[in-house]
Amino acid sequence: MFQPKVGLQLHIGEETYTVQPHPSAPKIPYGQEGKQAVVFKVKDSSGTDFALKVFKPRFRQPYLVSVTERMERYADLPGMKVCRRRIINPVEHKEILREHPDLSYAAIMPWIDGPTWSEFLLSRRTLKEGDCLQIAKDLLKILLSLEEKGVSHGDLSGVNVILPYLAGGEGIFLVDVEQMYIPGAERPEMLPGGSPGYALPTSGHSYWGPLADRYSGSILLGEILAACDKEVLKVSWGESYFQPEELGTDSPKFRLMESVIARVYGDKLAAVFRRNWFAKDLESCSTFAEWYIYLPEKVKVDSDEKALETGKKATSARLPRQEWDLDGLLGRAHELFANGDFRGTVELYQYILNVYSLPDDFRDHLKREIDICKEKISKLEMPRQAEREPQFAEPTYPATAMGYEMRLEAPVVEKEDAQTQIETKPVSPLAEDEPKDLTTTPDFVEESSSSALTPDFLIDFPRKRHDFGRLAVLIGVPLVLVVAVISIILLTRGGSAVKIKVPDLKGMSLEEAENELDALGLRIGETTYQETGEAVPGTVISTFPSPGGEVDEGGAVNLSIAAAPQRQASTDTTESTDTGGRVTCPTCFGRGYITCPKCHGQVYLPGGGICDLCHGKREIV
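Structure follows, in structure tokens:
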């Protein structure tokens, strides 16, 4: 993978681009990693910032050249300026590819400064109602413009929406547009299966068409509109508000979001959101025009107005850029930790590890901090004890590698502090004013009362010190029952599960392999795709366990499938002789031939695969 150094100059065409340093670490390049590529910040000779998007090997596809030509016509639409790009290809940029082959089909496009929507969710900040409405309007203008032209983004999610608006700039922008649906364009060979927390739960497959954004766009709009409510952000899952399994269900988090939309923006808009939430297919989802019609011009109650009534100054999430860069995210993680939101701290650190290119020692530091947070979460989830040990400060690990010293340490509180009194005094199971831990349990989820589950004689038991017989019965009888049940289960199972040998599936299609495994009582587990010049694309290369290995009945067998090799243009052999045609088609020299009436140099064939030579009307086999 392309790993440039700061200051590296790339001569691409007639322009020279220089790799820029990260603002927090001058010695490492400014790079952010996504699902398909790593994006580096570069400057041209005039000092203008650009993004260099270097794709991971499996996503370096020649079709990017043609799709870029098609998408440029949409670059002037609101929020779509990343469609104006150039692709580094072998025909025009042979010299740079000889020096840096990993730049094959990389894209150079405008650089957009600002946080992603996922970064905002992870920060747990609250927006003003007016800000939420403005961001929703900006997003709807983008989606409505695309919808009216029969175009869709294809993979809408929080990480693909950048908001300069939140960093003191203007507007919002969509990125990662390589899988865009454009009428007349070639379908990409590899389509994203939808991002967790945004994909239609009932689809089960990738959809590529003009309606692709309707469901994911609805979830994104719901998140944006409800971001004015601190209770909503408090229970956000991570890079998205909902967990994938929550989508389409009548969950407490859905009802909370729906109620906020109804209260702030009106019942009609909440009804649109509700209809999309329970939609079984994309055709049942509302158009973005309908969303736009019911979006109000102003909110019912804005925090600015409430601030005037109370005489307080309203706060805004529109902060300087440095609040949203790496140092800002680290600082926000520190605040979450200090406030006791250990889950939020872990999610934010994990996001930083996944997205930012960091030195190894700093990555190790963040992992240690994650372990500290997880240990605290596990302690919070343990049953409360009548007496607790006094809390001491955790050892700290200064993060000096990034030029930002951050210490996550549990505050040492004084004895008379109210929080200390809560933590150190015995907790009565009947206490009604026991504080809730909002970091682990949403406040709209009803907690079980410990007194409701505890018999009265158990509450009084410590006072009856002479009644040791009752203690023996209470502990001994359940223990005997548990042992008896486990013994029965082991006896009925016979001590071992049925083992089935894995068959030889090599060369079979995916459907044939599935039928073969199903007949034996097995199923397909994970499938991975590998490029190979030997196997037929779409057929099984290998299995795990390998043929002859044993799997429990009903177990899974992982498959490795042959992927189609990189495609390239064939040579036009219409006017060639039989022998000359074979020689001028190096991708097929020495291989077998099959009949193909369309092979006149106008189609794309797999490199290293089988090509047919056509001479006039006579087909050579």
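Residue numbers (the working numbering): 144 to 764.
Idealized CB from N, CA, C, for every residue including glycine.
Since this is a predicted model, take the numbers as computed values, not measurements.
- T269 is not bridged by DSSP to any residue.
- Closest in C-alpha terms to D484, from the list Q493, K519, L472, comes K519.
- Within its own chain, the residues whose Cβ lies closer than 7 Å to the Cβ of R506, once the five positions on either side in sequence are excluded, are L496, listed in chain order.
- Going by beta carbons, F145 and H243 fall inside the 8 Å limit.
- Taking every protein chain shown into account, the CB of F183 has 16 or more other CB atoms within 10 angstroms, so this residue is buried.
- Counted as a single uninterrupted DSSP element, the stretch harbouring G150 is not any beta strand (DSSP E), since DSSP gives it neither H nor E.
- Per DSSP, the continuous alpha helix (DSSP H) segment holding Y435 begins and ends at 431-437.
- Within the DSSP bridge table, the entry for F687 names N701 as partners.
- Close CB contacts of R475 within its chain, under the 7 Å cut and outside five residues either way in sequence, are with S266, L491 (chain order).
- Secondary structure at E176: strand, using DSSP grouped into helix, strand and coil.
- Per DSSP, the unbroken alpha helix (DSSP H) holding A413 starts and ends at 410-420.
- In this structure, F416 places its C-beta atom within 8 Å of the C-beta atom of E401.
- With a threshold of 16 other beta carbon atoms within 10 Å, P258 meets it and is buried.
- The count of Cβ pairs closer than 8 Å, one atom from the region 192-206 and one from the region 245-263, reaches three, so the stretches are in contact.
- Three or more beta-carbon pairs separated by less than 8 Å are not found between the region 683-696 and the region 308-328, which leaves the two stretches without contact.
- When only Cα atoms are considered, L622 and A342 end up about 46 Å apart.
- Within the region 649-679, the runs of beta strand (DSSP E) that reach at least 3 residues and sit entirely inside it are, in chain order, 666-674.
- For V234, same chain residues with a beta-carbon under 6 Å away, outside a window of 5 residues either side, do not exist.
- By alpha-carbon distance to I704, the top candidate from E693, E669, G698 is E669.
- With a 10 Å radius around the Cβ and a threshold of 16 neighbouring Cβ atoms, D647 comes out exposed.
- Three or more beta-carbon pairs separated by less than 8 Å are not found between the region 408-415 and the region 283-295, which leaves the two stretches without contact.
- Per the C-alpha coordinates, the member of L289, K517, I278 positioned closest to F480 is K517.
- Taking the CA atoms as reference points, P169 sits about 19 Å from T191.
- When Cβ pairs closer than 8 Å are counted between the two stretches, the region 217-232 is seen not to touch the region 262-280, the count staying below three.
- The continuous alpha helix (DSSP H) containing L363 extends over residues 357-368.
- Looking from the CA of P439, the closest CA among T430, E426, Y408 belongs to Y408.
- A distance below 8 Å separates the beta carbons of G391 and T345.
- Three or more Cβ pairs closer than 8 Å define a contact, and the region 152-170 falls short of that threshold against the region 204-219.
- Contact between the region 301-311 and the region 271-283 is present: 3 or more CB-CB pairs across the two stretches fall below 8 Å.
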